[in-house]
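Encoded as structure tokens, the structure appears first; notes follow it.
2 protein chains.
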Amino acid sequence: MNERDALRRLAADLPHAGDDAAVVGDTVITTDMLHERTDFPPGTARYTAGWRSVGASLSDVAAMGAEAIAAVAVYADDAFDPTELDEFVAGAVDVCESVDAEYVGGDLDTHTEFTTATTAIGSVTDAGPVFRSGAEPGDALCVTGRLGRSAAALRLFDRETDAAVERANELFRFTPRVADGRALAADATAMMDSSDGLARSLHQLAEASDVGFSVDRDALPVHPAVAETSGETTDASGESPVGGSGDEATDRFEMAVHFGEDFELVCTVPPAAVDRLRDACPAGLTRVGTVTEPEAGVTADGDPLPDRGYTHG
Amino acid sequence: MNERDALRRLAADLPHAGDDAAVVGDTVITTDMLHERTDFPPGTARYTAGWRSVGASLSDVAAMGAEAIAAVAVYADDAFDPTELDEFVAGAVDVCESVDAEYVGGDLDTHTEFTTATTAIGSVTDAGPVFRSGAEPGDALCVTGRLGRSAAALRLFDRETDAAVERANELFRFTPRVADGRALAADATAMMDSSDGLARSLHQLAEASDVGFSVDRDALPVHPAVAETSGETTDASGESPVGGSGDEATDRFEMAVHFGEDFELVCTVPPAAVDRLRDACPAGLTRVGTVTEPEAGVTADGDPLPDRGYTHG
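Respectively, the protein sequence lines represent chains H and G.
Each step along the first sequence adds one to the number in full-length UniProt numbering, with nothing skipped, and position 113 is 113.
Each step along the second sequence adds one to the number in full-length UniProt numbering, with nothing skipped, and position 142 is 142.
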């Protein structure tokens, strides 16, 4: 059983397993584990790792349209280097501050591989929570920010020059879209984050809402770093998360749509609300398509968009 | 830097790192990581692992005197066996139900070693939260339940017979002392759980409250399973968590006081309240000593009680 099948099984048993965060009363709670081999490429600073680990959980809070309250983290490594630990905590504190949440500590553990487990809690406002299940045919499909940021970062890490690694670290330190999620909460009919890539997110929203999606490829907001790095290929080892490119899609499309790890919000809203919401989202909001009947499936420019992305290791 | 030094460093930087759980408004939040090599000996059923992992975090909520609300868990393994996953979730659900909390799901991750990361949240009542820092000389030192349960379980796992392993699994599935913690919250001047062993817990309380402790060895409530298994020795490999026995202490004392992992509550209360609180604690409450001036240190029958326990791997 792979991770997706296992998650599907969990979702059948647990009421909240199908959304980005569980809702308990007015509180949302979400947890994630990241580790070196699959999530922190060589060159990832501990400050960046702290930022990104905690940010991943804050992104899930954002995807519920909730206010972020606090986060905790477990830091596990084979040894505790005081400088690395301080940098990790500084990154965790700073990403929390970026969304007006509080980093309140955590736990340490000895592990054979650098591993983090983060949990964030949030507070549902009058407008939320927003689930994955409410999209209706005719709604506008929108994304915050720009896609492909993490795919570009991976390629920059591979260059191994100081400048490229520094830029990669910057790209890895995304701002969780908490402010955007709250701005969208009153109007969004469905929402999730794009951590598994836009394509896979759309298939998950399609299943949860029983709808299809029609994506306009030219409308996709692509991060400028994609242009800087597209065309390069990474080592084609089995573990390369950029693997599987080619087929009908261009490299750039792969980076923006299938790679994932961008932690942007993917949402459906009434078409008449798009202009207003664009102004309300600090990260920007782009309409990239339309919700369709379920029979139409998930398509981009009329072609089926495969349910393929980065399967988290 | 070892884990204790690292935790001390964290505690200096983060306001909540010195207690069992962080307090954010009326919410308490706590997180833990457990893994196969150090926390789940051969023979540990996945149901038991789910129960114990989530229970460890619920125990931290209990130690704050808070009501338990919900828990999440990350389940990481090198493959996802559907039966094992179902059993883990069943254990997680059941331990939550045992304390009137809700298991609301979590995340999956692929990892080289079976690893869990759990987080629990709770709600502070009018009586709480209880920190580690309020003990005063003259207070009575008390513990809930009985000590040595997990040390005995380890020895039963080592026997490898079906009956012994089944009994060991039962002993491993402790009831988090949430009801006891709430009963104690209004009176307790300091409280924590005994996950690192009574001895180490007392040293931590002593440091946080700037007091000493005088323990009466004969008063210590020892779990009946200790008598069943004391005198046996486990393999003296470097990783054996029962290692370090001998010295001046008997094996039974080692099991009850230094091994830890019992998840009982250790608290200080006004002496006049002990009888009333004993009746109010479902797990029972035993007075085992008295809070002293800090200069007296931590002693058992007048001898120094070393700050030695099971350092979590």
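Just so it is clear, CB atoms sit at the ideal spot from N, CA and C, and this is done for glycine as well.
Within a Cβ cutoff of 6 Å, which residues of the same chain sit near residue i, ignoring the five residues on either side of it in sequence?
i: G:D32; result: A56, S57, T118
i: residue 316 of chain G; result: Since the displayed chain G opens at 1 and closes at 313, residue 316 of chain G lies outside it and no answer follows.
i: H:D186; result: The displayed chain sequence assigns Ala, not Asp, to residue 186 of chain H. So the list reads A127, once near-sequence residues are dropped.
i: G:F131; result: D19
i: G:V95; result: W51, V54, G55
i: G:R217; result: A300, D301
i: G:A183; result: A280, C281
i: H:F114; result: E36, D77
i: H:F172; result: T48, R52, A153
i: H:R278; result: L285
Using 10 angstroms around the beta-carbon of residue i, count the other beta-carbons present and answer buried if the total reaches 16, otherwise exposed.
i: H:A120; result: buried
i: residue 315 of chain H; result: Residue 315 of chain H is absent from the model: chain H starts at 1 and stops at 313.
i: H:E84; result: buried
i: G:P129; result: buried
i: G:E97; result: exposed
i: G:E261; result: buried
i: H:A225; result: buried
i: H:G91; result: buried
i: G:G25; result: exposed
i: G:D81; result: exposed
i: H:D77; result: buried
i: H:R276; result: exposed
i: G:G289; result: buried
i: H:E264; result: buried
i: G:P271; result: exposed
i: H:A283; result: buried
i: residue 334 of chain G; result: Any question about residue 334 of chain G goes unanswered here, given that chain G covers just 1 to 313.
i: G:D196; result: buried
Cβ of residue i less than 9 Å from any chain H Cβ?
i: G:F40; result: no
i: G:S62; result: The sequence as given places Ala at residue 62 of chain G; Ser does not occur at that position. No, no contact with chain H.
i: residue 338 of chain G; result: With chain G covering 1 to 313 only, the question about residue 338 of chain G has no answer from this structure.
i: G:A45; result: no
i: residue 358 of chain G; result: The structure shown does not extend to residue 358 of chain G, since chain G is modelled only from 1 to 313, so the question has no answer here.
i: G:A70; result: yes
i: G:L305; result: no
i: G:T119; result: yes
i: G:A22; result: yes
i: residue 401 of chain G; result: A question about residue 401 of chain G goes unanswered here, because the residues of chain G that appear run from 1 up to 313.
i: G:D262; result: no
In the DSSP assignment, what residue or residues form a beta bridge with residue i?
i: H:T119; result: H:T31, H:V72
i: G:T299; result: G:S214, G:P304
i: G:Y103; result: G:A71
i: H:D77; result: H:T110
i: G:V24; result: G:T27
Ordered along the chain, which non-local residues of its own chain (more than five positions away) have a Cβ less than 8 Å from that of residue i?
i: G:E293; result: P137, V211, G212
i: G:V165; result: G43, L156, F157, R159
Using a Cβ-Cβ distance under 9 Å, would residue i count as near chain G?
i: H:P82; result: yes
i: H:N2; result: yes
i: H:A6; result: yes
i: H:L108; result: yes
i: residue 314 of chain H; result: Coverage of chain H is limited to positions 1 through 313, which leaves residue 314 of chain H absent and any answer about it impossible.
i: H:G309; result: no
i: residue 390 of chain H; result: As displayed, chain H neither begins before 1 nor continues past 313, which places residue 390 of chain H out of reach and without an answer.
i: H:E87; result: no
i: H:T27; result: yes
i: H:A49; result: no
i: H:E228; result: no
Just to confirm my understanding: we take residue i, look at its own chain, exclude 5 residues before and 5 after, and list those with CB closer than 7 Å. What are they?
i: H:T286; result: C142, V143, A219, P221
i: H:G105; result: V72
i: H:A199; result: V257, H258, L305, P306, D307, R308, G309
i: H:H203; result: V298, D307
i: G:V291; result: A135, E136, P137, G138, D139, L141, V211, F213, T268
i: H:R252; result: V222, V226, S230
Which bits of chain A does residue i rub up against, with CB to CB less than 9 Å?
i: G:T31; result: Any reference to chain A falls outside this structure, whose protein chains are H and G.
Report yes if the C-beta of residue i is less than 8 Å from at least one heavy atom of the ligand GDP; otherwise report no.
i: G:A256; result: Here there are no bound small molecules, and the ligand GDP is not part of this structure.
Runs of alpha helix (DSSP H) wholly within the UniProt domain "PurM-like C-terminal" (136-295) of chain G (minimum 4 residues, chain order):
149-159, 162-172, 178-185, 198-209, 224-229, 274-280
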